[in-house]
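**Q**
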Amino acid sequence: MPLDRPPPFFVGNHLALDFLNTIATPQGAVIDWLCDGQDLVGWLENARVIDPVVAARIRTWRRDALDEVAGKAREFRNWLRAFVTARKGKPLRATAGSIAPLNELLARDKSFPQVEVVGRNADVGHSLVRRRVRRWESPEELIDPLVDAAADLICNHDFRSIRTCEGSACCLMFLDRTKGHARRWFSMAVCGNRAKAEAHRARTARKKGRAG
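Basically the working numbering = 1-based index in the sequence shown + 13.
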């Protein structure tokens, strides 16, 4: 990771939106957290999509192959951003043609479902969960969980609750899960306070103008 690049943001309340937030302008300049294959592996590890042992193995793969799949991830990110941006904040409407690129990528997925024992409860016995398992045998698989997350966002979440931070220099997206659906900032401590400071300066300037 470049020394002047901050850590990636995980504020979207959904993996697909965190994926969109891998390109943003948190300080007024565009920052991309998926510039190459190593970036992609690191981000997937930070997002807890792959565990550290798998990430270490993947990092030994050919750099050019990892860079190629990172380019495909950026292309898919561009498509998903356009799809979400055009529909966020309102009831989702889509056509078969509009989701065709997503379905083409979903058709390549080689993962499989598996039932696992996750615990034991004295009253109900064993707890079982169904989860998707990935073999992680080729670089192309790295994009699959991102495509799966996008499908989940589109099928299982209310697009009326997808927001873009209202910060003047911010474009981070998030799924508003607050009770009153009143979240305005990706972070009140960052963009919220910055907006308050900007509003205060504007009020002060107007008062000085009237006084003059």
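Ideal Cβ positions, reconstructed from N, Cα and C, are used throughout, including at glycine.
The structure displayed is predicted, hence computed values, not measured ones.
So what does Ser140 bridge to, in DSSP terms?
**A** Gly132
**Q** Ends of the beta strand (DSSP E) at Phe32?
**A** That residue, Phe32, is in no beta strand (DSSP E); its alpha helix (DSSP H) goes 28-33.
**Q** How far does the beta strand (DSSP E) with Arg176 in it extend, from its first residue to its last?
**A** 175-177
**Q** Starting from the C-beta of Lys103, find all residues in its chain whose C-beta is less than 7 Å away, skip the five residues before and the five after it, and write them out in chain order.
**A** Excluding residues within five positions, the ones whose Cβ falls inside 7 Å are Phe172, Arg173.
**Q** Assess contact between the region 153-161 and the region 67-86, defined as three or more Cβ pairs (one per stretch) separated by less than 8 Å. Is contact present?
**A** A contact between stretches requires three or more CB pairs, one per stretch, nearer than 8 Å, and the region 153-161 meets this requirement with the region 67-86.
**Q** Kindly indicate the opening and closing residues of the alpha helix (DSSP H) around Phe89.
**A** Secondary structure note for Phe89: its alpha helix (DSSP H) is the uninterrupted segment 76-100.
**Q** Bridge partners of Arg121, per DSSP?
**A** Partner(s): none; Arg121 has no beta bridge.
**Q** Would you report the Cα separation of Phe187 and Glu179, rounded to the nearest angstrom?
**A** Going from the Cα of Phe187 to the Cα of Glu179 covers about 11 Å.
**Q** Near Arg190, which residues of its chain fall below 6 Å by C-beta distance, leaving aside the five closest residues on each side in sequence?
**A** Asn26
**Q** Taking the C-alpha atoms as reference points, what is the distance between Gly193 and Val97?
**A** 22 Å
**Q** Under 7 Å Cβ to Cβ from Leu119, same chain only, skipping five residues before and after it: list those, please.
**A** Val160, Ala164
**Q** Report, in whole angstroms, the separation of the C-beta atoms of Ser124 and Arg145, which I expect to be a contact under 8 Å.
**A** 5 Å
**Q** If we call anything under 9 Å between Cβ atoms a contact, is Trp149 one with Arg94?
**A** no
**Q** Taking C-beta to C-beta, are Ile44 and Arg18 nearer than 9 Å?
**A** yes
**Q** Give the DSSP bridge partners of Leu115, in chain order.
**A** In the DSSP assignment, Leu115 is bridged to no other residue.
**Q** Which word fits Cys183, buried or exposed, when buried means at least 16 other C-beta atoms lie within 10 angstroms of its C-beta?
**A** buried
**Q** Using the beta-carbon count (16 or more within 10 Å), is Asn116 buried or exposed?
**A** So Asn116 counts as exposed.
**Q** Taking Leu166 as part of the alpha helix (DSSP H), name the residues at either end of that continuous run.
**A** 157-169
**Q** Where does Ile71 sit, in a helix, a strand or coil, going by DSSP?
**A** The answer is helix: DSSP assigns Ile71 an H, G or I state.
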